[in-house]
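First residue of the sequence shown? That's 1 in full-length UniProt numbering, and the numbers climb one at a time after it.
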Amino acid sequence: MPRPLTAAKKLWTVFCTLATCITVGMTTNHIAMADSATQNSNIIASLKYMSELNKLRQSRRTALTAQQIIEAQNADNSANMRSGQVAEDAADGSPVPELNVNWDLMSWAQKRADALAERASVNQSQPISHDDMYVGAPSWTSKYNLGESPNYQSGTYWFGPEALFIGYPETGQSNHNPIQSWYSELSAAAGSNRQGYGHYLTEVSNLADTAGMASAQVTSGRWEGATIVVLEIGYTGNHSDRGTTQSVSDALKQYVGSTYTVKYHANGGNGSMDDQKFDMDSTVPLYGNMFTRTGYQFSGWNTKKDGSGTQYSDYNPIYNIANAGEVVDLYAQWTPNTYTVYFYSSGTGSGGGSSRSFTYDQAQNLPNPADVGISNINGTFTSWNTEYDGSGTSYQAGQSVKNLTADEYGSIYLYAQWKTTHTVHFRAYNATPEYFKDQKVADGETATRPADPTRPGYAFRGWSTGYSDDSPLYDFSTPVTSDIWLNAQWDSYPYTIRYDANGGTGSMPDQKVASSPSNNTATLKPNEFKYNGKVFTGWNTKRDGSGTAYKDNTSYGEFGATNSDQVIILYAQWTDAAVKSIDAITTKCGYGKCYPSLPDEVTIHLINGKTITENVDWNQEQAAAIWNKDASELHLGDVFHVDSVSIVGFPNQKIRATVVVSDIAAPSLKGLDTISAKAGDRSFSTMYGISAIDDHDGDITRNVTVSGNFDISAPGDYRLTYTVKDNAGNEVTGDRTIHVTKNEIVTVSYDANGGSGSVAPQTFGIGEYQSLRSYNLVRTRYNFTCWNTKADGTGKNYYTWNKAIFDDSDVPANGKITLYAQWERAFYSVFFYPNFPDESSTEASVSQNIKYDEYENLADNSFNAPGYTFLGWNTESDGSGTSYSDGQRVKNIYNEYGYGQHLYAQWEANKYTVKFDANGGTGTMPSQTLTYDKNERLNRSTFKAPAGKMIAGWNTKADGTGTGYDYCAPVKNLLTSGSITLYAWYSPIRYSSISVQTPPKKASYKTGETLDTTGLVVSAIQNNGDTVQLPRSEYTLSQPNMNSNGTKRVTLTLKSNTAKTTWFDITVGSAAPTVEESHPIADSDETVTNYVVSLKEGTATDVLDKAVTGAEALHAYKLMSYPEISVFFVQAHTKTFASDFARWAAANGIAVDTVAYTRDKLREEEIRYGIPHLPTSRQPQNGSRETRSANHRKTLRIRTPTFMMLGALPPSVQIRRSRPMSRISRL
């Protein structure tokens, strides 16, 4: 009888399988023997499970001993298995034959799965139990095929009718299947509740040869959603009636065919690859990889994206890696490229060449320069850059970077970029202690203010680039662009000097000494105390005179104030003795120029035997009279006197200093250079080569005395002293070494060789080193270089800074040799200044040395001023001096003093061309030439705008996305040179005013006639300032009453803006005015001219407004208007404005008094207040008024016998400049 499962085993079955499904479960749908798509998929899934089970059975596994089986069964299943129930070969791990598909078992398995699923839905306490469930079993089955037995031994088919697996849908991944769960039991340790069906299916049931498999889903209850998989196994033996049986592979072929598919995935790469079909039981290589991935190398295929599955190489031959009909997903595996980043320094840095290895897609921090051996003592690191000059991509030290290159084994070079480092030197020499600090600052950065130094008696005020204590303080927000020396600035403490009479009488106010940026010097006040019978001798910081003494009325510095508002007490010092005498003062001065050296103090002898010194002031006028005398006024022995003004402490004492013109210059002693003498030469004189010259006594060589030991017979060096006095007693002393030698003597003479001055001969021992004489030679515009044995310098050179030696081969037979001075031309310096038009640089940045009296080409210009062309050089910045061309060959262009020359670059502003494009309009417009750095107005357009449009401005791009410029706007520096095209930009037409340009030809009518507008020309001023003729369709005309006599006004109204009107007058029953011109008119020689227009006094405001509008129609712009005096100012842009306006006014019946030009530019106050300066005119002899000037040479007379306006007839209209002055002056 089969043994039922215990309750413990049932629970174990449920929960073990539940736990397993969570880890590796996979769901399948209900399997039934039907042809529907769902049933077919269930069958396919079951067959695939069985195929995996067969692979498990055919693999070699770890063998289990009988004892291991007994322990596992007893521990896991509460069995009481004994050794006799287990054969030794029961679990030897050998392969087990494949199971075939038995379709009877497949059907029965499905029934069992359905029954178990239904039971799980209705039985919540024990949802799963598969004991005694033989209902629906195939007819050929029996317990001998499916029953249980406690025996666990080789060859048995006992031990369980089926295997069970429960899974959940949400864990149904592709690898979540019961086969893997059962396989995991084979390696489970005893007692882990894991040994069960896995052993049965692979070790014990080696006699089983058929199987069926199915699944069903729990649809309700506690286990809703769980999927039950049932596997039934059996043994058919030799019974042929036991159902249809076939291999798993054949069964699969019926459903999925005989191939499987490999699908290739880029897995982060790019590109595409076709799927690859494989026939079962055939070996075929995989496709070669066609995917690419930036920064990566292909490393093979894997069944898992993350590479944790089965790995295949490119073109790997494969055999049955899947069942028929299955799809195997292979994912490209990628290895990130590695590349090397090399680090170098740019500019003045040192070191470099170190490298770091980087991996693509892996971020890594860039090092600091010091980390890779790069440094720069003159610069501060700013960044790494891919280009040496910093023009590439920049990165910061410490920045996390990746993917600098995608190349495998690629190289990237990063160059350290530096800002020049400047040194800021902080110096406080008078600080305590002395203060010396240096600070390195990157170019363009700011220095950090250091700790303040200290100085007793002073408060630190700050730092300054100046040296004086009142220099302006340095602003630490200023960018540092060069080395800077900053000096400490101090303010002394304010203090008070208090004067103490010290026994005397009287009073003296305290003396306040304010804080000062330079020092705390105080000039002591003159003593005002009295002490009967005693004389004031000075001040002292101690009452008894043992402190620091100070003179009266004298400026002193350090009074020792150590804090603010300190009080310094000075005590008056007294002596009770009168003056006995004052030492006489006698001083000398030279006879070339007499500067008397007068003492600051005099020595005073008192009658009590004491001697004191006191400060004395001298009469400066007398002293100045002496030192201002010319040499011709001075003679030896002349005597002058300078009187004292005051002696401190002795106001009643006087002294006279005597100044004697004397010979005070010491003589000049020459020839003190070392010489040599032949030992034993008794003719040798120690005076050889010695001379003495006095500026007054002349040659006084005879007065020279020699002292010191000298022995001509004993070789050696002898140091002798030479002394000479002039007749005035002025003495000079010098030493000379005489070298006594056994060698022969050569006498060296010196030739100035074109220079002036002389050098005494000198003796040398042949073959011995000795210094040459000092040279006192000069040559204008030459520099001394050396001595040479030949005048032309082709001999042997001797240099004054080296000791010379003369060998036998150098010395002629007579023992004499002459050395000739060698000269090279001196040079003067030419300094080149950029002299930029914007005055951005005023310092010379280029210099050139040119030799005197030689030709040389000036250095080529290296300056560049955008928008300007270099013209050459000039000795004056404004070009008013001497001019030189670039690279000109020059000679002796030094300045008037014979020294260097300063040349200033001369620049001419470039001309550039503005081309105009109609950009949708029609017509042509000439180009306009503009000058760089000059504000100039763009010309008015000559294009015809598109219908309904007017030009509104210009743009550098046709679509308006460039730089825009207002119409006729002043522009500047559109480009530095060349040409630029501006495209017209349009807007809808808007008019600012309309006016009658030409009235109708017929101005006078008979009563009842019809208005005739023949000849009427109406103009309008667009908002852009352009004047255009207005078509008749754009305005309306009012109809005057023609049936009554008088002046009739015809009003013209703009249709698009009825607020814009103009008018003209006609006369009904009167004659029209006529115009008489005396001769041709040329009002002005200038195109742009300012005019003042005076209408008839009392002109109505609306008439004046119409006159202004008419003037604007004649290309004039109103500057200002004064209706109260009937005057307005315009700037006209035609040369004939005056006559054109006069004609227009006459044609429109407006009485004009004068039209006169004024200055090109009105002063600001004239524009504001309307008081221009108008030139005056004179009356011609015939009494008519007419203009006389270079610009106004004729008279326009306009006769109006019949005036078309109501009121008095106007006078003749003349162009003149006299009348407006009186009216304007009334403003």
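Glycine included, each C-beta is placed from N, C-alpha and C at the ideal position.
Check whether the Cβ atoms of residue i and residue j sit closer than 8 Å, and answer yes or no.
i, j, result
"I219", "N102", "Looking at the sequence provided, one finds Thr at residue 219 rather than Ile. Not in contact: T219 and N102 (Cβ atoms no closer than 8 Å)."
"K588", "V660", "yes"
"S247", "N40", "no"
"K972", "N935", "yes"
"D500", "L570", "yes"
"T1053", "T1109", "no"
"G734", "A665", "no"
"Y296", "G410", "no"
"E232", "R119", "no"
"F870", "N849", "no"
"Q573", "G609", "no"
Here's the rule I'm using: 16 or more other beta-carbon atoms within 10 Å means buried, otherwise exposed. How should residue i be labelled?
i, result
"F764", "buried"
"I377", "exposed"
"R773", "buried"
"N1182", "Note that N1182 scores 36 on pLDDT, short of 50, meaning its location in the model is unreliable; the coordinates nonetheless yield the value given after this. When all chains shown are included, N1182 counts as exposed."
"A813", "exposed"
"D274", "exposed"
"T741", "buried"
"N802", "exposed"
"A363", "exposed"
Measure the C-alpha to C-alpha separation of residue i and residue j and round it to an integer number of angstroms.
i, j, result
"G353", "T421", "23 Å"
"D269", "P369", "Correcting the residue type first, residue 269 is Gly in the shown sequence and not Asp. One C-alpha to the other measures close to 36 Å."
"S883", "W873", "6 Å"
"G325", "V230", "23 Å"
"V1155", "T1136", "11 Å"
"V284", "S215", "35 Å"
"S927", "A397", "54 Å"
"F1128", "D475", "54 Å"
"L252", "D306", "30 Å"
"Y986", "N1057", "20 Å"
"V778", "E633", "32 Å"
"T794", "W787", "11 Å"
"A738", "Q822", "Just to set this straight, residue 738 is Ile in the shown sequence, not Ala. Distance between the alpha carbons of I738 and Q822: 27 Å."
"T454", "Y775", "51 Å"
"L473", "D407", "57 Å"
"L606", "N619", "25 Å"
"E856", "R889", "5 Å"
"P161", "G93", "Bear in mind that a pLDDT of 42 at P161, under 50, signals an unreliable position, so the model cannot answer this."
"G225", "T303", "29 Å"
Taking 8 Å as the CB-CB limit, is residue i close to chain D?
i, result
"I712", "Among the chains in the structure shown there is no chain D, since it carries only a single protein chain."
On the DSSP letters alone, give me the boundaries of the beta strand (DSSP E) that residue i sits inside.
i, result
"F943", "From DSSP, F943 is part of no beta strand (DSSP E); its letter is neither H nor E."
"K1106", "No beta strand (DSSP E) holds K1106; the alpha helix (DSSP H) holding it covers T1101 to A1113."
"V996", "Y991 to T998"
"S646", "V639 to I647"
"Y435", "Y435 to A442"
Please report the residue range of the alpha helix (DSSP H) in which residue i lies.
i, result
"W463", "No alpha helix (DSSP H) holds W463; the beta strand (DSSP E) holding it covers Y458 to S464."
"S107", "W103 to V122"
"W627", "Q620 to W627"
Q. Are the region 705-715 and the region 640-652 touching by the rule of at least three beta carbon pairs closer than 8 Å?
A. no
Q) So, do the region 1001-1016 and the region 945-952 have three or more beta carbon pairs nearer to each other than 8 Å? A) no
Q. Does the region 795-814 come close enough to the region 749-769 to have 3 or more Cβ pairs within less than 8 Å?
A. yes
Q. Taking three-plus beta-carbon pairs below 8 Å as touching, is the region 384-395 in contact with the region 272-286?
A. no
Q: Tell me, please, whether the region 744-755 touches the region 722-730 by the rule of three or more beta-carbon pairs shorter than 8 Å.
A: no
Q | Stretch pair the region 529-541 + the region 458-473: three plus CB contacts closer than 8 Å | A | Because the criterion of three Cβ pairs below 8 Å is not met, the region 529-541 and the region 458-473 do not touch.
Q.
Under 8 Å, with one C-beta from each stretch per pair, do the region 992-1003 and the region 1142-1152 reach the 3-pair mark?
A. Enough Cβ pairs lie closer than 8 Å, so yes.
(Q) Could you check whether the region 1021-1040 touches the region 1093-1103, counting it as contact only if at least three pairs of C-beta atoms, one from each stretch, sit closer than 8 Å? (A) Verdict: no, contact absent.
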